[in-house]
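Below is one structure, written out as structure tokens, with a few remarks after it.
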Amino acid sequence: MEYCVDNLPNDLRAALPAECVGWPCLQRCGLCYDEPFLAVDGELVTGDDHEELLADAGVSPDR
Amino acid sequence: MNVLFVSVDSLSRRFLGCYDLDVEFDVETDNLDRFAERAAVFDTHYAGSLACMPARREWLTGMKDFLWRPWGPVEAYDVTLPQAARESDVLTQLVTDHYHYFQHGSNGYYEDFHGFEFVRGHECDAWRTAPRIPDDEALLRQATDPDRWTPDGLQYINRAQYARNVADFDQDDETEFFAPKVFDFASNWLRENADWDEWFCYVDSFDVHEPFHYPEPYASMYTDEDPCDPALTFWPHYGRIDEGVAELSERELDFVRAQFAGKVTMVDRWFGRVLDALDDTGAWDDTMVVVTADHGHYLGEHGWIGKPAAPLYDVLARTPLLVWHPDGAHNGDRVDELTTAVDLYATILEALDAPVPDNVHSRSILPLVRGECDHHRDWALYGYWGSSMNVTDGRYTYFHPCDESVDTALYSTAMMNAHGDFKPKEPKGDAEAGEFLPYTDCPVWRFEGPSYARHDDPMLFDTDTDPRQETNLAGEERSEEDAMRELLVDALHELSVSENQYDRLGLPKP
């Protein structure tokens, strides 16, 4: 699972497991500006809420 | 003295014959080689602040950028090169296709020139709005991957913009593409403005930056693939080549490398027009010519593509620098002394006999160029804001990681984005104002943004014995690692960086 540091809330970022890879920019500025998004196995997924996207990807933040 | 300053975005020096060509292609760079035979070729020149606009703030204002702020505008307390030149009665001109000058977050860089020519349409330049769906489906697919993108999606940045921008270009006519237009304009400008007493011309070519799209003969010069094969992108996303959103097959990576090489050759051919103009106008005797790049571009080295979140290996950070000066002591020769991007500001002002502001971080290399000294600087710092800190002494490169749990302070008169460089700005409700900077009394905003660690542990390379930086010497209890860490601390202390930098880097405060 990949995410953009500028798109994911910082407190959520700190709670992600190590296998989640953060990038300072994923070069999807249009998406990044508009809505929450992640890349799961190289495919982009978007939604209203990062927690929901993470749950769909099977990722449990440690909070 | 006149000054011609040419920057070629992303020009990796290992693709240049004058820098010991280190790629699988025999890349044709006849004109850069021709200039290198005349000029002083600097072997140990390093970028400073990355990427595009931070580099331009160093060149055009003489200020180290990344230690205090990310990608952003010229500040009220900056004195730009064209402003300082103008005040010394020098005519100034900018020629560029670098559209970032005209995006969010980057104002102030072109306004002080007497004239500027902006060649429209590169990459995601917000230029053409028609056709709604570009007809060339192969081009659209190579540029955007329409399986993931809606070509007529109206989000802030959509890669279909590029396909729309070039939709009217004759795809068989290189003169309709960007570097040819930029260098053609520059060569004509040199011919038409020779009667001015003194001039400074800045030619800022966005090429060889991606997208790596351009016509024949260059498109097939270094590959047997069909350059229009929709299965092969000419515009890969940044990241790891072995997994994730930027993953590339061996075939895809080979194609991208070939297309990068082809673009280098196209830029070189048209750069030759500029050299011809200098020849024809007899300008060499009273003109300093500087050619450099803001950074390189990963093309599979160390497993990366683009300018991603990678450690700043020399592939990205060690940049070409070629300087012709009529009184140059090293013309036609090599210079091994350590130099860095920010130094070009004072160098150009000194060549123009214009005063250099006292508060800048730039040190003129003109004494070195003229043979008046044989040592220039002990260290060069380079990096991205909010990330690892990198230092070199000209032989060793030392990368010091940051603690991601400690945010990085950002100082500016603008409320710029910490990341997301050119996205629309958002208000920073937690900003405080004050005289926080060591080099100006001007109050600025101070707020924080997330830090980003490019690596977890220190990295050390001996670039004399290991120029490809394949053997990390850090962690072996070597005295060189301690010495480089001390050099880093000394450099940070000399620049009077904020306490936040020491906190986030876990380094002792002076």
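Same order as they appear, the protein sequences are chains A and B. Per the numbering used here, the first sequence starts with residue 1, numbered consecutively. Per the numbering used here, the second sequence starts with residue 1001, numbered consecutively. Quick reminder that beta carbons are idealized off the backbone N, C-alpha and C, glycines included.
Of all alpha-carbon atoms in V1023(B), F1206(B), F1234(B), D1276(B), the one lying nearest the alpha-carbon of L1094(B) is that of F1206(B).
Of all residues in the segment 1218-1248 of chain B, only H1237, Y1238, G1239, R1240, E1243, G1244, V1245, A1246, E1247 come within less than 9 Å of chain A when Cβ atoms are compared, listed by chain position.
Closest option to R1240(B), judged by alpha-carbon separation, among D62(A), S60(A), G42(A): G42(A). Contact between D1503(B) and E1448(B) fails: their C-beta atoms lie close to 11 Å from each other, not under 8 Å. For V21(A), same chain residues with a beta-carbon under 6 Å away, outside a window of 5 residues either side, are E2 in chain order. Look at G47(A) here: in three-state DSSP terms it is coil, with no helix or strand label. For the options S1010(B), F1042(B), D1030(B), F1015(B), the alpha carbon positioned closest to that of L1368(B) is the one of F1042(B). For T1340(B), the CB contacts under 6 Å within the same chain, skipping 5 residues up- and downstream, are Y1046, G1048, A1380 in chain order. In the three-state reduction of the DSSP assignment, W1445(B) falls in the strand class, which pools E and B.
For V5(A), a Cβ of chain B is located within less than 8 Å of the residue's own Cβ. D1462(B) is bridged by DSSP to Y1396(B).
Residue state for M1266(B) is assigned as helix, using DSSP reduced to three classes. Taken through DSSP and simplified to helix, strand or coil, G1303(B) comes out as helix. Contact fails between the segment 1159-1176 of chain B and the segment 1026-1037 of chain B, because fewer than three Cβ pairs, one in each stretch, are under 8 Å apart. Of all residues in the segment 18-39 of chain A, only V21, G22, W23, P24, C25, L26, Q27, C29, G30, L31, C32, Y33, D34, A39 come within less than 8 Å of chain B when Cβ atoms are compared, listed by chain position. Residues of chain A with a Cβ closer than 7 Å to the Cβ of I1157(B) are, in chain order, C29, G30. With contacts defined as CB atoms closer than 8 Å, Y1156(B) and P1427(B) fail to qualify as a contacting pair. Not flagged as an interface residue toward chain A: R1446(B), since no C-beta distance is shorter than 8 Å.
Less than 8 Å divides the Cβ of A1194(B) from the Cβ of A1283(B).
Here DSSP, grouped into helix, strand and coil, assigns C1201(B) to strand.
By the neighbour-count definition (other C-beta atoms within 10 Å, threshold 16), H1375(B) is an exposed residue.
V1315(B): member of the alpha helix (DSSP H) spanning 1314-1317, first to last residue. Your pair A1179(B) and M1266(B) checks out as a contact, with CB atoms roughly 6 Å apart and the cut at 8 Å. Contact check for T1096(B) against A1085(B) fails: the beta carbons are separated by 8 Å or more.
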